[in-house]
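What follows is a single structure, written as structure tokens, with notes after it.
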Amino acid sequence: MCQEHKTIGNPSHFEGTEQEKTTAHAVDGTFAQYTQGMKFFDPHVHMTSRTTDDYQALADAGVVALIEPAFWLGQPRTGLASFKDYFASLVGWERFRSSQFGIKHYCTIGLNSREANHEALAEQVMEILPLFLQKEGVVGVGEIGFDDQTAAEEKYYRAQLELAKEMNLPVQVHTPHRDKKKGTERSMAIAIEHGIAPNMVIIDHNNEETVKSVLDQGFYAAFTIYPFTKMGNERMVEIVKHYGPERIMVNSAADWGISDPLAIPKTAALLKIEEVQAEHIRLLTYQNALDAFAQSGQIQETDFINGLEIDQTQKFNGNTILRGGQAPRINKDSLIIR
Ligand SMILES: [Zn+2]
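Quick note on numbering: the sequence shown equals residues 334 to 671 in our numbering.
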């Protein structure tokens, strides 16, 4: 099975197991009738890879804030400048783009596990990480951890845990698909070895196999609802029914592969249909992520709870999301008439 996965070229957000591929299902397009008035926080979504239509759909579905973890681009970077520009875009242009749809954008910064294997470049990236980790709106070190579980991945995972400790930032841990259980246990054991409090660590991409140990050891357990790989949201409902909402959060991890940025509202709808109580849905799809990453000291709920002021006539370094002749979408309640 593992060999089979290795032959798949260029997987998207990291490929899933055969079982996961066959058990994932999508919720149909009527989710919004169940989620009226709900607000959502997506703690893992790669908006750089998404369109303005996605931003609009997220805003319409009630997503008020999100976190964009630094990851790989689908192909290896060839130099430090690519990392620099990418990190700068996460705290710059992408944040601006998000604001134009009324969504508060945060990010985590880190050296992803795949590119930790390019050691010469990894060394250079480690040098620029402290600079970016200090930027406003950077709410953690992430996404870091294991992919193939190599020695180089472990080396840079440990080095970045030390950075997180020094800077008192939460850690967003990517767990591998191959040997997930082993990789997850190893990620947690190393974090503890480095003296990081489990409540400062968000273990991501959990499944039925890993969740109990993650919660028992006091870590946050994030679940990626991702079509065909990772978790389907029907499975998520079962996990919630079994474990309750404490320290569990869901995310979309939407990226440049086939993925669904509306995974959180759709899961909330399914939880509601399955009669999970409203307060538990709120914890799973909003509050727990907020609590976990607010430990960075970089999140003020008052910044987004009532929505951001949208003014699409604004510019970022002279650039706008509008194209020639387009009319801006301005908050209807805005006092200004143009
Ligand atoms: Zn990711």
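Where a beta carbon is used, it is the ideal one built from N, C-alpha and C, also for glycine. On a predicted model such as this, the values are computed, not experimentally measured, just so you know.
(request) Have a look at the DSSP bridge pairing and note the partners of Q631. (result) The beta-bridge partner set that DSSP reports for Q631 is empty.
(message) Rounded to the nearest angstrom, what separates L496 and Q467 at their Cα positions?
(response) Taking the CA atoms as reference points, L496 sits about 11 Å from Q467.
(message) Can you look up T384 in the DSSP assignment and give me helix, strand or coil?
(response) DSSP, read as helix, strand or coil, puts T384 in coil.
(message) Once DSSP output is grouped into helix, strand and coil, what is the label at E709?
(response) Outside the shown range of the chain (334 to 671) lies residue 709, about which nothing can therefore be said.
(message) Going by the DSSP bridge assignment, what does P402 pair with across the sheet?
(response) According to DSSP, residue pairing for P402 in a beta bridge involves T441.
(request) Could you check the C-alpha separation between A455 and A414 for me, to the nearest Å? (result) Per the coordinates, the alpha-carbon of A455 lies some 12 Å from the alpha-carbon of A414.
(request) Could you check if R656 is buried or exposed, using at least 16 other CB atoms within 10 Å of its CB as the buried criterion? (result) Exposed, because fewer than 16 other Cβ atoms sit within 10 Å of the Cβ of R656.
(message) Please return the same chain residues whose Cβ sits closer than 7 Å to the Cβ of K417, not counting the five positions on each side in sequence.
(response) Result list for K417: I461, in chain order.
(message) If I measure Cβ to Cβ from G726 and keep anything under 7 Å in the same chain, skipping five residues before and after, which residues do I get?
(response) It is not possible to answer for residue 726, since the shown part of the chain is limited to 334 through 671.
(message) Taking the straight line between their C-alpha atoms, what separation do you get for P409 and C440?
(response) Roughly 21 Å between the two C-alpha positions.
(message) Mapping the DSSP letters down to three states, classify Q505 as helix, strand or coil.
(response) In the structure shown, Q505 sits in a strand (DSSP, three-state: E or B).
(message) Quick check: the Cα distance between P598 and V378, rounded to an integer number of angstroms?
(response) Take the alpha-carbon of P598 and the one of V378: they are about 13 Å apart.
(request) Report all residues from its chain with a CB closer than 6 Å to the CB of G516; omit the five preceding and five following residues, and keep chain order. (result) By the criterion of a C-beta distance shorter than 6 Å, G516 is surrounded in its chain by F479, Q482, T508, P509, once the five residues flanking it on both sides are discounted.
(request) Along the alpha helix (DSSP H) that carries E460, what are the first and last residues, could you check? (result) From DSSP, the alpha helix (DSSP H) with E460 extends over 452 to 466.
(request) Please name the residue in E476, F465, H438 whose C-alpha comes closest to that of L444. (result) When each option's Cα is compared against that of L444, the closest is E476.
(message) Here's a check: name, in chain order, each residue in its chain whose Cβ is nearer than 7 Å to the Cβ of I654, leaving out the five neighbours to either side.
(response) Sequence-distant Cβ neighbours of I654 in its own chain, meaning closer than 7 Å and more than five residues away, are T385, R430, Q433, Q645.
(message) Please state the DSSP three-state secondary structure of D393.
(response) Reduced to three states, the DSSP call for D393 is helix.
(message) Along the chain, where does the beta strand (DSSP E) containing I638 start, and where does it finish?
(response) According to the DSSP assignment, I638 belongs to no beta strand (DSSP E), since it is labelled neither H nor E.
(message) Could you tell me the alpha carbon to alpha carbon distance between L641 and G590, rounded to whole angstroms?
(response) Taking the straight line from one Cα to the other gives about 29 Å.
(request) Helix, strand or coil for M371, going by three-state DSSP, please let me know. (result) Under the three-state reduction of DSSP output, M371 falls in the coil class, being neither helix nor strand.
(request) Starting from the Cα of K498, find the closest Cα among S592, I529, M459 and give me that residue. (result) It is I529 whose Cα lies nearest to the Cα of K498.
(message) At the level of alpha carbons, what is the spacing between K372 and R615?
(response) Here the C-alpha atom of K372 lies approximately 8 Å from the C-alpha atom of R615.
(request) In the DSSP assignment, find the unbroken alpha helix (DSSP H) run with G516 in it and report its ends. (result) Taken as a continuous stretch (DSSP letters only), the alpha helix (DSSP H) holding G516 covers 513 to 526.
(request) Count the other CB atoms, across all protein chains shown, that sit within 10 Å of the CB of G435; report buried if there are 16 or more and exposed otherwise. (result) By the 10 Å Cβ count, G435 comes out buried.
(message) Any heavy atom of ligand 1 inside 7 Å of the beta-carbon of E612?
(response) No, the Cβ of E612 stays beyond 7 Å of every heavy atom of ligand 1.
(request) Could you pull out every residue in the same chain whose Cβ sits closer than 7 Å to the Cβ of P463, ignoring the five residues on either side in sequence? (result) So the qualifying residues of the chain are L496.
(message) Can you look up T557 in the DSSP assignment and give me helix, strand or coil?
(response) Here T557 sits in strand by DSSP.
(message) Going by beta-carbon coordinates alone, are H438 and L399 separated by less than 8 Å?
(response) Yes. Within cutoff.
(request) Pull up the distance between the alpha-carbon of A660 and that of G470, whole angstroms please. (result) Spanning the two alpha carbons is a distance of roughly 29 Å.
(message) Considering just the uninterrupted stretch of the beta strand (DSSP E) at N532, what are its terminal residues?
(response) Taken as a continuous stretch (DSSP letters only), N532 belongs to no beta strand (DSSP E), as it is neither H nor E.
(request) Compute every distance between the C-beta of H379 and the non-hydrogen atoms of ligand 1, then say whether any falls below 7 Å. (result) At least one heavy atom of ligand 1 is nearer than 7 Å to the Cβ of H379, so yes.
(request) Rounded to whole angstroms, what's the CA-CA distance from Q620 to H613? Just pull it up for me. (result) Distance between the alpha carbons of Q620 and H613: 10 Å.
(request) Note down the Cα distance separating A611 from K605, rounded to an integer number of angstroms. (result) Cα to Cα, the separation comes out at about 7 Å.
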